[in-house]
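Asks: In this note's numbering, the protein residues as written are 5 to 170. Glycine included, C-beta positions come from ideal geometry on N, C-alpha and C. The structure presented is a predicted model; accordingly, all values stated were derived computationally and were not measured. Take a look at the following structure, please.
What follows is the structure, given as structure tokens:
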């Protein structure tokens, strides 16, 4: 069997990804009696011959104060947004015959190719993407309350899951 991507979870369950077919996942569920949950993806070379790892949340023994870490997570979702909010366009003028073009993108291409070239910034879905922020400094640790104090921005909403690595 080829190497696949699997998700190793805190409760020792294995969740499917786009590369693992449903039959393999159902066989694993039947064998272990555990339900599927979606969390972080890790690479495993032995496919189903893996031993699930018990991950402890709030285990800060590997981190020290003053150390710099990388934080990955999903950004806030904003839904369908226009070019002014999504890309920072300035919009059109308020006067000189403009009625409803204030937040419009303006021209989207030249006459000669007669098509919209790839990569054009337009309105669309904004947010809900995985982002990694590097060099975030650890300001303090409180092991009793499971609190990790950081100096800087952390991606995601309140109570969203993040991955912290060195």
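#1: How would you write the range of the alpha helix (DSSP H) that residue 91 sits in, first residue to last?
#2: Under 8 Å between the Cβ atoms of residue 96 and residue 110?
#3: Check residue 27 in the structure and name its three-state DSSP category.
#4: Spell out the partners DSSP gives residue 167 in its beta bridges.
#5: Just the Cα atoms here: how many angstroms apart are residue 50 and residue 136?
#6: Comparing alpha-carbon positions, which option in 163, 170, 159 lies nearest residue 77?
#7: Quick check on residue 163: buried or exposed, where buried means 16 or more other Cβ atoms within 10 Å of its Cβ?
Replies: So, to answer that:
#1: 87-91
#2: Cβ atoms of residue 96 and residue 110: closer than 8 Å.
#3: helix
#4: 76
#5: In this prediction, residue 50 has a pLDDT of 44, which is less than 50 and means its spatial position is unreliable; what the coordinates show is noted afterwards. Straight-line Cα distance between these residues: approximately 28 Å.
#6: 159
#7: exposed
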